[in-house]
Amino acid sequence: MMDATTLILAGNRLALARLLTQVENDSPAGRAALAELFPHTGKAHLIGVTGAPGTGKSSLVNQLALHYRKTENKKVAIIAVDPSSPFTGGAVLGDRVRMRDLSGDDGVFIRSMASRGSVGGIAQTTAAFAQVFDAAGFEIVIIETVGAGQSEVDIARLAHTTLVVEAPGLGDDIQAIKAGILEIADVLVINKADRPGVEHTERALRSTLALAHPTPRVYRHHGQAMTVMVPAGAKNLPALEQDPSAAQSDMAIWIPPINKTVATEGKGIAEVAESIAKHAAHLHVTGDWASRDRARLRSELEASLQAALMSRFFENIQESKYNEMVEQVVGRTLSPHEAARKLLNGNSTQENV
Amino acid sequence: MSEHKIRVLVAKPGLDGHDRGAKVVARALRDAGMEVIYTGLRQTPEMIAEAALQEDVDVVGLSILSGAHMALAPRILELLQANGQDKVRVFIGGIVPDEDMPRLKEIGITGIYGPGASTEDIVKDIREAMK
Numbered sequence: 073m074m075d076a077t078t079l080i081l082a083g084n085r086l087a088l089a090r091l092l093t094q095v096e097n098d099s100p101a102g103r104a105a106l107a108e109l110f111p112h113t114g115k116a117h118l119i120g121v122t123g124a125p126g127t128g129k130s131s132l133v134n135q136l137a138l139h140y141r142k143t144e145n146k147k148v149a150i151i152a153v154d155p156s157s158p159f160t161g162g163a164v165l166g167d168r169v170r171m172r173d174l175s176g177d178d179g180v181f182i183r184s185m186a187s188r189g190s191v192g193g194i195a196q197t198t199a200a201f202a203q204v205f206d207a208a209g210f211e212i213v214i215i216e217t218v219g220a221g222q223s224e225v226d227i228a229r230l231a232h233t234t235l236v237v238e239a240p241g242l243g244d245d246i247q248a249i250k251a252g253i254l255e256i257a258d259v260l261v262i263n264k265a266d267r268p269g270v271e272h273t274e275r276a277l278r279s280t281l282a283l284a285h286p287t288p289r290v291y292r293h294h295g296q297a298m299t300v301m302v303p304a305g306a307k308n309l310p311a312l313e314q315d316p317s318a319a320q321s322d323m324a325i326w327i328p329p330i331n332k333t334v335a336t337e338g339k340g341i342a343e344v345a346e347s348i349a350k351h352a353a354h355l356h357v358t359g360d361w362a363s364r365d366r367a368r369l370r371s372e373l374e375a376s377l378q379a380a381l382m383s384r385f386f387e388n389i390q391e392s393k394y395n396e397m398v399e400q401v402v403g404r405t406l407s408p409h410e411a412a413r414k415l416l417n418g419n420s421t422q423e424n425v
Numbered sequence: 009m010s011e012h013k014i015r016v017l018v019a020k021p022g023l024d025g026h027d028r029g030a031k032v033v034a035r036a037l038r039d040a041g042m043e044v045i046y047t048g049l050r051q052t053p054e055m056i057a058e059a060a061l062q063e064d065v066d067v068v069g070l071s072i073l074s075g076a077h078m079a080l081a082p083r084i085l086e087l088l089q090a091n092g093q094d095k096v097r098v099f100i101g102g103i104v105p106d107e108d109m110p111r112l113k114e115i116g117i118t119g120i121y122g123p124g125a126s127t128e129d130i131v132k133d134i135r136e137a138m139k
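Chains as they are written, first to last, in this note's numbering: chain A, 73 to 425; chain B, 9 to 139.
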């Protein structure tokens with residue numbers, strides 16, 4: 073019998089689907105296959121799609137995937153994340169409802185995933201899913217986040233290109249200047265652009281962009297700043313107000329373009345695809361592709377390390393001792409921080425930083 | 009680390025446009041801690057089998073009110089098997105006359121639920137079938 077890795081590299085869809093389940097459940101078999109597939113990754117363009125609930129992310133993803141299939145003949149994988157119930161752990165994953173145009177095409181693979189307790193807009197194993205699809209030969213991997221509010225920005229760490237989808241009438245100008253989701257946009261999409269108020273939304277976004285850029289991308293990860301992009305031409309910034317097209321042509325700095333779409337009718341999709349392609353070219357020219365890759369893999373390594381350290385710690389600690397600490401914290405005689413330090417230092421009660 | 013969650017595809021094959029029952033069931037399964045992939049109206053057997061494969065589900069729940077169950081259910085079972093998903097359990101909810109039930113059970117439908125069936129029973133039966 074051929075093993076899962078061989079089958080997946082050969083394009084077997086059942087093996088692919090089953091491995092995704094193993095990976096999602098973090099099983100030993102899943103981990104082993106991931107390790108075998110990892111050398112085959114690094115080829116796909118990971119595209120994140122995020123935005124508030126109801127802005128039309130799924131419909132946009134549906135149309136984008138159709139575009140890549142029809143005009144570029146690229147294989148497309150879609151990872152659609154929806155929230156899990158914090159109470160029962162159950163979930164209703166409904167993104168496929170908007171993606172029925174893609175059925176019957178072997179060049180497309182759609183997988184729904186529940187967030188399973190993660191709060192960053194994607195699930196813990198979404199990055200691993202992307203790696204599996206990458207290794208399986210999907211050239212485009214589109215990751216649709218849960219309907220994200222303002223700070224679900226994990227997707228920017230995972231994707232090469234992040235689309236933030238807005239729709240007319242969702243918020244006033246102050247929403248546009250808050251930190252968070254708008255800052256992570258590489259491409260801004262105003263969907264439902266046939267609705268009233270679209271000019272207002274566009275104006276608000278444009279003025280926000282004029283204020284915000286260029287921003288060096290520094291991601292905070294475990295309190296440590298990781299600089300991902302420092303614009304090479306930061307000394308002579310092109311003035312946005314004077315000539316936006318000049319700013320666009322300067323490859324050193326990426327100004328997120330604003331594209332208007334009506335996803336349900338397929339309007340404006342080609343322009344979005346063009347913006348994505350331009351962004352990819354920009355990443356390659358500036359070396360950002362490589363540095364984003366590095367930052368992503370490094371944060372993945374850190375997350376793995378963190379999980380491994382935690383499980384090693386719990387293997388070595390007596391449960392009674394741990395529970396005793398919990399009691400002390402609950403009884404307010406010890407702060408969680410002190411308790412953690414004590415647990416790590418064994419029995420020693422002396423101050424030890 | 010994390011336990012296996014029961015994954016269920018809820019689909020409505022055929023042409024009738026009433027999906028309220030399917031939504032109620034989807035919600036009940038969610039509340040029972042399952043992950044429900046909801047695919048919406050007017051799915052062909054091919055679309056359902058394809059989604060079941062991509063999502064690697066344990067269970068397919070079909071909502072059929074049109075009376076076309078004797079055509080749709082065997083076709084879906086056949087496609088699931090052709091895809092190598094012979095372990096997937098298939099349940100039907102909707103209007104199924106008593107005389108059709110033995111035949112549906114015989115071809116491999118695990119459970120059939122008519123009007124008034126309790127969602128608790130459905131949840132219980134799915135859990136039982138997963139053992």
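Even glycine gets a Cβ: it sits at the ideal position worked out from N, Cα and C. Please read all numbers here as calculations on a predicted model, not as lab measurements.
Q: Measure the CB-CB distance between D133(B) and G122(B) and report whether it falls below 7 Å.
A: no
**Q.** Own chain partners of N91(B) with C-beta closer than 7 Å, once the 5 adjacent residues on each side are dropped
**A.** Contacts found: A57, L61.
**Q.** Range covered by the beta strand (DSSP E) that runs through R183(A)
**A.** 180 to 186
Q. Do you know whose CA, among E43(B), V18(B), L23(B), lies nearest S157(A)'s CA?
A. E43(B)
Q: Reducing DSSP to helix, strand and coil, say where F205(A) ends up.
A: helix
**Q.** Contacts that V164(A) makes with chain B (C-beta to C-beta distance below 9 Å)
**A.** Per Cβ cutoff of 9 Å: V18, K31, A34, R35, L37, R38, E43, V44, I45, Y46.
Q. CA-CA distance, I227(A) and A412(A)?
A. 30 Å
Q | Residue environment, L23(B), which counts as buried when at least 16 other CB atoms sit within 10 Å | A | L23(B) comes out exposed.
Q | Contacting residues, own chain, Cβ-Cβ under 7 Å from R135(B) (five flanking each side not counted) | A | Here R135(B) has no same chain residue with a Cβ atom under 7 Å from its own Cβ, once five neighbours each way along the sequence are excluded.
Q) Looking at the structure shown, is R50(B) part of a helix, part of a strand, or coil, going by DSSP? A) coil
Q: Under 6 Å Cβ to Cβ from A202(A), same chain only, skipping five residues before and after it: list those, please.
A: L118, V213
Q) For D64(B), which residues in chain A fall below 7 Å Cβ to Cβ? A) A89, R90, L92, T93
Q.
With DSSP as the reference, identify every bridge partner of P21(B), one or two as the case may be.
A. Q51(B)
**Q.** DSSP three-state assignment for T273(A), whether helix, strand or coil
**A.** helix
Q: Write down the C-beta distance between I14(B) and V67(B) rounded to the nearest angstrom, noting that I regard them as a contact closer than 8 Å.
A: 7 Å
Q. Is there contact here, the stretch 25 to 32 of chain B with the stretch 78 to 86 of chain B, by at least three beta-carbon pairs under 8 Å?
A. no
Q: For V184(A), go through chain B and note every residue whose CB falls closer than 7 Å to its CB, in chain order.
A: Per the sequence shown, the amino acid found at residue 184(A) is Ser instead of Val. Those are I45, E63, listed as they occur along chain B.
**Q.** Other residues of its chain near I80(A): CB distance less than 8 Å, five sequence neighbours each side excluded
**A.** A87, L88, L91, A105, L109, V204, A207, A208
Q.
Using beta carbons (cut-off 7 Å, strictly below), is S175(A) in contact with chain B?
A. For S175(A), the nearest CB of chain B lies under 7 Å from its own CB, placing it at the interface with that chain.
Q: Could you list which residues in chain A have their beta carbon closer than 8 Å to that of E54(B), in chain order?
A: Within chain A, the residues near E54(B) are S175, G176.
Q) Taking the alpha carbon of H26(B) as the point to measure from, which residue in P110(B), I103(B), M138(B), V16(B) has its own alpha carbon closest? A) I103(B)
Q: Report the neighbours of A59(B) on chain A: residues whose CB is nearer than 7 Å to its CB, in chain order.
A: What A59(B) touches in chain A, judged by beta-carbon distance under 7 Å, is R168, going in chain order.
(Q) Determine whether the beta carbon atoms of N331(A) and G128(A) lie at a separation below 7 Å. (A) Not closer than 7 Å, so no.
**Q.** Endpoints, beta strand (DSSP E) assigned at T233(A)
**A.** 233 to 238
Q: Quick one: using the 10 Å Cβ neighbour count with 16 as the cut-off for buried, is Q422(A) buried or exposed?
A: With a pLDDT of 47 at Q422(A), under the threshold of 50, the predicted position of this residue should be treated as unreliable, though the coordinate-derived value follows. With fewer than 16 Cβ atoms within 10 Å of its Cβ, Q422(A) is classed as exposed.
Q) Are there 16 or more other CB atoms within 10 angstroms of the CB of M382(A), so buried, or fewer, so exposed? A) exposed
**Q.** 3-residue-minimum beta strand (DSSP E) runs that sit fully inside the stretch 84 to 168 of chain A, ordered along the chain
**A.** 117 to 123, 148 to 154, 163 to 165
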